[in-house]
Amino acid sequence: MADEFLDKLPPQELIFNLPPTFETVEEERRHRKERLAAALRLFGKFGFEEGVAGHITARDPELTDHFWVNPFGMSFKHIRVSDLILVNHEGKVVQGRYPVNEAAFAIHSQIHQARPDVVAAAHSHSVHGRALSALGELLEPITQDVCAFYEDHALFDDYTGVVTDLEEGRRIATTLGDRKAVILRNHGLVTVGDTVDAAAWWFITMERSCQVQLLAKAAGRVVHISQENAKLTHDQLGNDLVAWINYQPLYDQIVREQPDLFE
Numbered sequence: 001m002a003d004e005f006l007d008k009l010p011p012q013e014l015i016f017n018l019p020p021t022f023e024t025v026e027e028e029r030r031h032r033k034e035r036l037a038a039a040l041r042l043f044g045k046f047g048f049e050e051g052v053a054g055h056i057t058a059r060d061p062e063l064t065d066h067f068w069v070n071p072f073g074m075s076f077k078h079i080r081v082s083d084l085i086l087v088n089h090e091g092k093v094v095q096g097r098y099p100v101n102e103a104a105f106a107i108h109s110q111i112h113q114a115r116p117d118v119v120a121a122a123h124s125h126s127v128h129g130r131a132l133s134a135l136g137e138l139l140e141p142i143t144q145d146v147c148a149f150y151e152d153h154a155l156f157d158d159y160t161g162v163v164t165d166l167e168e169g170r171r172i173a174t175t176l177g178d179r180k181a182v183i184l185r186n187h188g189l190v191t192v193g194d195t196v197d198a199a200a201w202w203f204i205t206m207e208r209s210c211q212v213q214l215l216a217k218a219a220g221r222v223v224h225i226s227q228e229n230a231k232l233t234h235d236q237l238g239n240d241l242v243a244w245i246n247y248q249p250l251y252d253q254i255v256r257e258q259p260d261l262f263e
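So in UniProt numbering, spot 253 of the sequence shown is number 253, and the numbers just go up one at a time.
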């Protein structure tokens, strides 16, 4: 009976969300800030924060050399839209009441500068991302999901302490290149996207892929997906629109659970 009903339902009446468009820059700015606050809440829910480490940025749609970011020292779990700060190309807070994390500026400013196509970048000290980074390894094509990163992520094979200078940020941005992610050896993960949703989804699924790889290789010999099929799967799953679509259930979930994030 259900199949018969669906067969008769016109396709135009099916609900399928796509990224929104905006009539004004103010609408787009508010949208990016709302998605940024929601992504930070999700990172907090998933346990991605470690003290004051970790940050997600969203390029301002009008002042394109500025970005919105979470304040230094505030828990991901508490951040609201009104708490976000706007940072300029010199690292100065031009809107907001809180200071910026120096590492956030050093890394993200250089990525945003090198990649005009990037709207958002995410970095945090998640457990499994750090564990894989300590091995100095890339992700291997051992599951369907991880193929989204096949030949589309890099290893920054160096560690010189907390990233606080722009030159280190430039080297990270150079290693990232035109890819969607970079593993910072002995440090953690960085992901980027053309929306906040995409950057956040890439981080979430990359962290889970790190966990799967660590578990699988600890259990025994892994079976790799062939190069041909890994490339095919990357073409099917590895674009930012697919990331945006995958992220929507998580966004809807956190908004229902924690609507105060919009304050």
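Each residue gets a CB set at the ideal place from its N, CA and C atoms; glycine is no exception.
Buried versus exposed, by CB contacts within 10 Å (16 or more), residue i
i, result
"residue 97", "exposed"
"residue 107", "buried"
"residue 75", "exposed"
"residue 130", "buried"
"residue 223", "exposed"
"residue 126", "buried"
"residue 57", "buried"
"residue 218", "exposed"
"residue 263", "exposed"
"residue 101", "buried"
Start and end residues, beta strand (DSSP E) containing residue i
i, result
"residue 95", "93-95"
"residue 85", "85-87"
Bounding residues of the alpha helix (DSSP H) (the contiguous stretch that carries residue i)
i, result
"residue 109", "102-114"
"residue 75", "Here residue 75 belongs to no alpha helix (DSSP H), and DSSP marks it neither H nor E."
"residue 172", "166-176"
Secondary structure of residue i, DSSP reduced to three states
i, result
"residue 22", "coil"
"residue 153", "strand"
"residue 50", "strand"
"residue 237", "helix"
"residue 42", "helix"
"residue 136", "coil"
"residue 246", "helix"
"residue 34", "helix"
"residue 251", "helix"
"residue 215", "helix"
"residue 17", "coil"
Per DSSP, the bridge partner or partners of residue i
i, result
"residue 59", "67"
"residue 193", "120"
"residue 183", "155, 189"
Residue of the options minimising C-alpha distance to residue i
i, options, result
"residue 230", "256, 176, 146", "146"
"residue 235", "254, 99, 148", "148"
"residue 48", "77, 69, 30", "77"
"residue 249", "213, 214, 204", "204"
"residue 188", "198, 172, 141, 60", "172"
"residue 51", "87, 59, 124", "124"
Residue i: CB within 8 Å of a non-hydrogen atom of the ligand PLP
i, result
"residue 99", "The model on display carries no ligand, and the ligand PLP is accordingly not part of it."
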